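Reviewing the structure listed below.
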Amino acid sequence: MKLLGCVALVFAWAVTALANTEKVIFLAPPSIGLSDDSLSLAALQLSTITPEKFTLGTDIKVDFPTQDSPNGLDHWYLLRTLNAGQRYELRVCWAAVQPTAFQIDTYEITEVFDTPDLIQKLALYAEQPDRRTNDTTIASTPDGKESLLFLRMQAAADFFTTNKTRMLDPPPVDIDLILDPYIWNVFPQSLGPTAVYIVVLAIGGWYASGKVWRHLVSSEPTKDRRD
123 MKLLGCVALV FAWAVTALAN TEKVIFLAPP SIGLSDDSLS LAALQLSTIT
173 PEKFTLGTDI KVDFPTQDSP NGLDHWYLLR TLNAGQRYEL RVCWAAVQPT
223 AFQIDTYEIT EVFDTPDLIQ KLALYAEQPD RRTNDTTIAS TPDGKESLLF
273 LRMQAAADFF TTNKTRMLDP PPVDIDLILD PYIWNVFPQS LGPTAVYIVV
323 LAIGGWYASG KVWRHLVSSE PTKDRRD
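For our numbering, add 122 to where a residue sits in the sequence shown, where the first one is 1.
Rendered as structure tokens:
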């Protein structure tokens, strides 16, 4: 029973955390040469997330959905130095006191550059003078090839208040972006310690229950049977 209780608590915690988490799962694309695109990427000055620098904390602007922007405001990032063919999970986490609806998508470089609507939205975002940028370094790999993706995150305010100021100008939202690789393309690396804990707990519970059972059987008083 204790084992079931612990497992239930773990799952309850996970469900609760999802209330403030949105994610996208993707496979890293094949590596491509950046000789022709590196200057264009550098000019965009996008914040970069890599398996080595897998977390990014920042604050973003949000707005209420409109006919032109049904999913809110666009925010673009670069996912770089990925392992081609590996599965990843990109999570955005935010506080419950800042109700926000997120839409997250990943695109290959060629897909964005070849799609007029996407390249236009990316260019408009890059031209914003007041946007926050973190690590924007564009360094080429030794062979000039790299697996990378554009990350497009749309954020819309998701609340109602009688405060007209907040309705006209929603406050920025503090977020954490987390890039989480999958182990053997099966489950996120961040769940590794939890999985080990559950396995150890299950083995320990099985061993302890066996000892208790043997003790109960050996201590049971023998009854004389009469023909």
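Glycine included, each C-beta is placed from N, C-alpha and C at the ideal position.
Note that the structure is predicted; figures quoted are calculated from it, not measured.
Integer Cβ distance of residue i from residue j, believed to fall under 8 Å
i: residue 334; j: residue 182; result: With 8 Å as the limit, residue 334 and residue 182 do not qualify as a contact, their Cβ atoms being about 54 Å apart.
i: residue 202; j: residue 172; result: 5 Å
i: residue 208; j: residue 304; result: 7 Å
C-beta contact flag for residue i and residue j at 7 Å
i: residue 253; j: residue 180; result: no
i: residue 186; j: residue 279; result: yes
i: residue 281; j: residue 221; result: yes
i: residue 307; j: residue 216; result: no
i: residue 204; j: residue 150; result: yes
i: residue 330; j: residue 269; result: no
Closest Cα partner of residue i within the set the options
i: residue 250; options: 283, 300 and 167; result: 167
i: residue 299; options: 336, 290, 199 and 232; result: 199
i: residue 267; options: 145, 144, 148 and 152; result: 152
i: residue 301; options: 155, 176 and 154; result: 176
i: residue 155; options: 142, 230 and 217; result: 230
i: residue 310; options: 190, 322, 210 and 283; result: 210
i: residue 239; options: 264, 164 and 196; result: 196
i: residue 283; options: 146, 219 and 170; result: 219
Residue burial classification, residue i (beta-carbon count within 10 angstroms, cutoff 16)
i: residue 126; result: Confidence at residue 126 is low in this model, with a pLDDT of 47, below 50, so the placement of that residue should be treated as unreliable; the coordinate-derived value is given next. The residue in question, residue 126, is exposed, as its Cβ has fewer than 16 Cβ neighbours within 10 Å.
i: residue 241; result: exposed
i: residue 213; result: buried
i: residue 292; result: buried
i: residue 348; result: Note on residue 348: pLDDT 49, under 50, position unreliable in the model; the coordinate value appears next. So residue 348 counts as exposed.
i: residue 232; result: exposed
i: residue 332; result: exposed
i: residue 326; result: exposed
C-beta neighbour in chain D for residue i, strict 7 Å
i: residue 180; result: Checking the listed chains, one finds no chain D in this structure; it contains a single protein chain.
Residue i Cβ short of 6 Å to the ligand HEM heavy atom set
i: residue 175; result: As presented, the structure is devoid of all ligands, the ligand HEM included, so that no description of it is given.
Exercise. Evaluate contact between the segment 262-282 and the segment 218-235, counting only Cβ atoms and requiring at least three cross-stretch pairs below 8 Å.
Key: Result yes; three or more Cβ-Cβ pairs closer than 8 Å.
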